[in-house]
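Quick notes on the structure that follows.
In our numbering, the protein residues as written are 492 to 720.
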């Protein structure tokens with residue numbers, strides 16, 4: 492088994508079973524291990540750890556993918572996901588025959604971060620029956636419309652009343668919305684670089700804001716490797 496490890500796994504001293512032969516860790520993860528306990532735990536397994544950074548195309552793919560999902564990951568977490576994709580691709584591209592069928596290694600991401608788990612699940616790279624399939628959606632506080640993509644304004648009523656909510660899915664992909672008790676809506680203020688407040692989806696300044704923000708990302712060839720997501 493080959494493991495890609497995130498910061499949280501070292502901080503919480505996650506277990507490494509005997510089947511693990513090698514660990515890949517980003518230098519960004521190492522920099523986040525600042526207390527003595529986590530450093531000591533890292534050094535305890537240093538003999539099988541390789542410090543490695545994913546190629547830029549994998550990082551760009553994850554960033555582009557997340558731009559379409561309501562899922563917030565730190566840059567270090569994005570790198571962990573990108574490294575998992577890259578290492579998984581390297582080992583899955585090995586030609587299997589009778590001479591090496593028993594030597595093919597499973598690639599897993601060792602993490603206790605639910606955001607990373609959910610991102611990997613979206614990419615079909617995380618399969619744990621004990622992990623609650625909780626996703627995030629945007630819900631309009633005014634008309635109650637639900638959206639799976641990132642938006643600033645509600646498409647139906649056009650108001651700046653979108654809030655992020657958790658949705659738990661069952662085995663039939665039926666979702667249950669989790670709402671906070673006694674939640675009080677606080678409208679967010681969206682301002683462009685010139686200090687103009689953006690209040691509606693059809694506002695001229697907002698249309699210009701979208702163009703300068705670069706919402707239309709280029710499609711990466713990497714999507715061909717993972718299929719339609």
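Ideal Cβ placement from N, Cα and C applies to all residues, glycine included.
Is it the case that the region 499-515 contacts the region 598-608, given that we only count it when at least three CB pairs across the two stretches are under 8 Å? yes
Measuring straight from C-alpha to C-alpha, what distance separates residue 564 and residue 543? 20 Å
Do you know whose CA, among 578, 550, 577, 609, lies nearest residue 566's CA? 550
What is the rounded straight-line gap between the Cα of residue 596 and the Cα of residue 582? 7 Å
Run through DSSP, which three-state label would residue 657 get? strand
Same chain, Cβ closer than 7 Å to residue 546, five either side skipped, listed in chain order: 577
Could you give the C-beta distance for residue 538 and residue 504, rounded to a whole number, given that I count them as a contact under 8 Å? Incorrect: roughly 17 Å between the Cβ atoms, too far for contact.
Short check: CB of residue 654 to CB of residue 632, under 7 Å? yes
Flag residue 492 as yes when its Cβ comes closer than 6 Å to any non-hydrogen atom of the ligand HEM, and as no otherwise. Questions concerning the ligand HEM fall outside what the structure shown contains, since it holds no ligand whatsoever.
Taking residue 499 as the reference, which of 507, 552, 523, 641 has the closest Cα? 523
Count the other C-beta atoms from every protein chain shown that fall within 10 angstroms of the C-beta of residue 529, then say buried if there are 16 or more, exposed otherwise. buried
Residues in its own chain within less than 8 Å of residue 646 by CB, not counting five upstream and five downstream? 636, 638, 692
Return helix, strand or coil for residue 588, following the three-state DSSP convention. Residue confidence is low: residue 588 scores 47 on pLDDT, short of 50, so the model does not pin down where it sits. No coordinate-derived value is stated.
With C-beta atoms as the reference, is residue 656 less than 7 Å away from residue 630? yes
Pull up the distance between the alpha-carbon of residue 521 and that of residue 575, whole angstroms please. 16 Å
For a test of the three-state rule: what should DSSP assign to residue 515, helix, strand or coil? strand
Tell me the start and end of each unbroken alpha helix (DSSP H) in the region 499-547 that is at least 4 residues and wholly inside, in chain order. 518-522, 527-535
Can you tell me which of the three DSSP states residue 495 falls into? strand
Whole-angstrom distance between residue 510 and residue 628, CA atom to CA atom: 37 Å
With DSSP as the reference, please indicate the residues paired to residue 634 in a beta bridge. Answer is none; residue 634 lacks a bridge partner.
If I'm right that residue 553 touches residue 495 with Cβ under 8 Å, what's the distance once you round it to whole angstroms? No, residue 553 and residue 495 are not in contact; Cβ-Cβ is about 13 Å, not under 8 Å.
Let's test the definition: count the other Cβ atoms within 10 Å of the Cβ of residue 569 and tell me whether it reaches 16, buried, or not, exposed. buried
In angstroms with no decimal places, state the Cα-to-Cα distance between residue 682 and residue 518. 35 Å
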